[in-house]
Each structure stands twice: as structure tokens, then as C-alpha cells.
Amino acid sequence: MSQFYAISNSLTSFIFLSIVLYIASLRLDPKDKLNRLFLSSCLLTIVALAADVGLTLLQNHQGQLAFVGYQTLFYLLVLIPPVMAYNIMLLTEILATDREKDFHYLAFPCLLPILMNFILMTVNYVLALYQGQPVAYGKGTKVFYFVMAAFTLCYFIRSFFNLLRSRKMLGREYFWMLILFCLLPTLAGVAHLIYPHAHIIWPVISGSLIILYLYLQDLLIQRDSLTGAFTRRSFYRALNKVYKRKDDPLRYGIIFMDLDGFKSINDRYGHAVGDKALTSFTRLVRKALREEDLLARFGGDEFMILSKIEGPAALDDICARIEQTLTEFNQNSNLPYKLSCSMGSKIIDPKDNLEDLIEVVDQIMYAEKHLKAANQHPDARSAEPQQATSGGESGGESGG
């Protein structure tokens, strides 16, 4: 009965996390890096929970087979934590930067602790089998535990740094949820070093992964799957919060954007290139915004920005930064089209009806778009394809 109590937490966590993994594998897109890291972390934790249960069941058994099984499970349990922490670090790296970013530059320096831990623990494992004496929780084992813990801690420190630098972009609610996701395993790891027989670290990690799954589920609802911008529904929810706040709604403004010439890109180059244009446009607009500004995809090639501002000039500054960012991109881009957008902006007045507010900025934006089309101003760069010259370079721009 005492053994059952010892494994009950791990066994319960194993069952619940297995169910979460099954549901998540059906609902989450496995092509997304963030989702892949979550699914692999769940799988690693399930393996660790099973190993923890097996270790407890074998610790009082005699015989060579039980001894080999015990040492093998122990070896597995000391290999997994740095790998798990590495997964969490990459996950926070994606949240802090760009989901599409390539992390090859992290490969060697960040995999080095995992490699060193693997070498040291493998030596420990081989010596235990060779000597025929158990080393788990025995003499000298604490040295290996502290080495493994030090390697793991390096990854968690980086994870906390990633979350801290992206706290404004994540928002208060998501920031503290993800801090809790990283903090619980860290505290459980410290407790495990002090009380190695407590069997709490992997149940706590499984609980943290369930917290992360709640975040990913909310992300599915609030984020546009293609661009990563917030959805129309999320924008309206944020806008309603602004109206309900006690501070002056006049300190907030919205900007309505429409990507110029987007239909021409789809017609000439296909929807795959059109999708790439949308993701590039979203990335460039984000670059021009502050971390606390909210960018939402309103539908098709239309986007909306909600920003806390000091005054009317601040909205003009945001629009100018967006135009400058797009211009710089166009000057350095080899793409056969240019990216530009038409914008309409307005400071939010508490007397405004929400639907009327959206309609006003929509009219302002389309007035600018029509003015561009009528005047073909040289600064109104169009996203439509460029006419190629005989030398293979881009020629004059077609009108929006």
C-alpha cells in the first residue's frame, strides 16, 4: 500500500497528461513549431512519469534483472530534465520573437549542456552496471544530480529572460501564465534536490504542461493561424475593454489598414505567394509598432491596430513608422511586388458607437486608397506586381 501512495501522483499525472496529449495531437497543428515543442514536451514527461513509477516499483526488488532495470530507469530520468528544459527554452524563444524564426544559431551552444549531461550520466550508468552496485540515490549521486540540475537551470534562466523581454507583447495575463509554467518546474526541481524521494517533479511538470495547453487553446481562438496577428473577435474584445476602463478612452486610437494591390498578387502568383505577402506585411507592421500595441487581422488583407497614445500626433507617428518600414523593405527586397498599405486612423471617443467608429476609419482608409489610385503618387507604393524589363530588373510600378 505504501508503494501505491508513492506512485499515485505520478500515475495520476501519467493518465491525465496522456489524455491531454491525445486531445492536443488532434487539435493542434503539428507543422507549427510551438505546437511541436509542446507535443514533444508532453511525450518526454509521460516517459519520465512512467520511468518514475517503474523506479519506485523496482527499488525493493532483488536480482540482476531488477538491478539493470532500476539503473536504466534512473539513467533515463537524469537524461530527460535538460532536454525538457531545452524544449521550454525554445518555446519561450518563439513566443519572444517570431514563430517562423530559424533557431540554428542556438544549436551548438545550447545543446552543449545536454551533450555534457549525456556523457557524464552515461559514464555513471556504465560504471554502475560494470561494478554491479546501485548508484541511484547512493554515495556520490548528489554530485551527478547537481551537475544535471545546473545544466537544466541554464535553460530555465534563458526561458525567464525570454518571457521578461516579451512581457509587453504577451500581455499581463499571458505573461504571468507562462511565468507560472516555467516557475513551477524550477521550484519542483529545487525541491527534488532536497527531497529526492518525494516524487513531485514530474507531476508538477505535467501540471505546467496543462497550463501551457490552456494557453495554446486560447491562442487558437485569439490568433490568426496564418499571420499570427490577433483575430477580429479578439480586437473587438480588447476594444470593449478600452471602453469599460476608468482611464480616458481618448488616450486610445485605432488604425485601419488595407494592403494595396493584394488581389493582383493572388491573381498573378497564386495564393501561396499571397499568403507570404500577408505574413511579410504582418511582420513588418509589428516591427514598426510598440510591444504594447495590438495588431489584428480584420479579414482578408485588412488589419486593425489598437494603440494607447499621448495625443493625435502619436497616431500619425505610427502611420509614418509603418510607411517607412515598408519603404525600407521594398528598397532591399528582390520580390516582384512592392508592399504598401492605405490607412485610416482616429482617436477613440467614448461617445462613439463601436460599429460607427470602425465605419469612420474604414471610410478614411478607402478615401486614401482611392486618392492613391487617382493620383498615382510616387510615394504610394503598390503591392501589385512590377513589370519586368528586358534586363530582368523590376520596371515601373502598376497602379493600385
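Numbered by the numbering used here, the letters in the sequence shown go through residues 9 to 408 in order.
For each residue, glycine too, the CB sits at the ideal point set by N, CA and C.
Remark: C-beta atoms of A59 and L84 approach each other more closely than 8 Å.
Residue pairing from DSSP places C349 in a beta bridge opposite L267.
Of the residues A328, L191 and S315, the one whose Cα lies closest to the Cα of K249 is S315. Contact annotation: the region 373 to 383 touches the region 346 to 362, with at least three C-beta pairs closer than 8 Å. In the DSSP assignment, R44 falls within the alpha helix (DSSP H) that extends over K41 to L66.
The closest CA to that of A196, considering only A382, W184, V212 and N125, is found on V212.
Taking C-beta separations shorter than 6 Å and ignoring five residues to either side along the sequence, the partners of E310 in its chain run D266, following chain order.
The beta carbon of P193 is closer than 7 Å to those of V212, I213 and S216 in its chain, skipping five residues each way along the sequence.
Looking at T64, L42 and L45, the one whose alpha-carbon comes closest to that of N17 is T64. CA-CA distance, A328 to P90, rounds to 45 Å. Collapsing the DSSP output to three states places Y260 in a strand.
Three or more beta-carbon pairs drawn from the region 19 to 38 and the region 48 to 58 are found closer than 8 Å, and the two stretches are therefore classed as touching. By the Cβ-count criterion, K252 is exposed, with fewer than 16 other Cβ atoms from all chains shown falling within 10 Å of its own Cβ. The C-beta distance from W210 to L29 rounds to 14 Å, too long to meet the 8 Å contact threshold. Within the region 311 to 352, the alpha helix (DSSP H) runs of at least 4 residues that lie entirely inside it are, in chain order, 320 to 340.
For I88 and I218, the gap between their C-alpha atoms comes out near 19 Å. Under a 10 Å Cβ-count criterion, A206 is classified as exposed, with fewer than 16 other Cβ atoms of the shown protein chains found around its own Cβ. Under the DSSP assignment, F306 falls in the beta strand (DSSP E) whose first and last residues are L302 to G307.
Around the beta carbon of Y203, a 10 Å sphere encloses fewer than 16 other beta carbons of the protein chains shown; the residue is thus reported as exposed. Per the C-alpha coordinates, the member of A136, D283 and L379 positioned closest to Q72 is A136.
Contact between F159 and M129 is absent: CB atoms are separated by about 10 Å, not below the 8 Å threshold. In this structure, DSSP gives I356 a state outside helix and strand, which the three-state scheme calls coil. In the DSSP assignment, G215 falls within the alpha helix (DSSP H) that extends over I209 to Q230. A residue is called buried when at least 16 other Cβ atoms come within 10 angstroms of its Cβ; A237 meets this threshold and is buried. A check of alpha carbon separations from T333 across K346, A321 and V61 identifies K346 as the nearest.
Scanning S26, F82 and L45 for the CA closest to the CA of M92 turns up L45. Separation of the CB atoms of L297 and I317 is rounded to 12 Å, and the pair is thereby denied contact status at 8 Å. The beta carbons of F183 and F243 sit no closer together than 8 Å. Counting other Cβ atoms within 10 Å of its Cβ, R166 reaches 16 or more and is therefore classed as buried. If you ignore the 5 residues before and after L47, its C-beta comes within less than 8 Å of the C-beta of L29, A32, S33, L36 and P38, all in its own chain and listed in chain order.
Taking C-beta atoms as the reference points, L286 and R294 fail to come closer than 8 Å.
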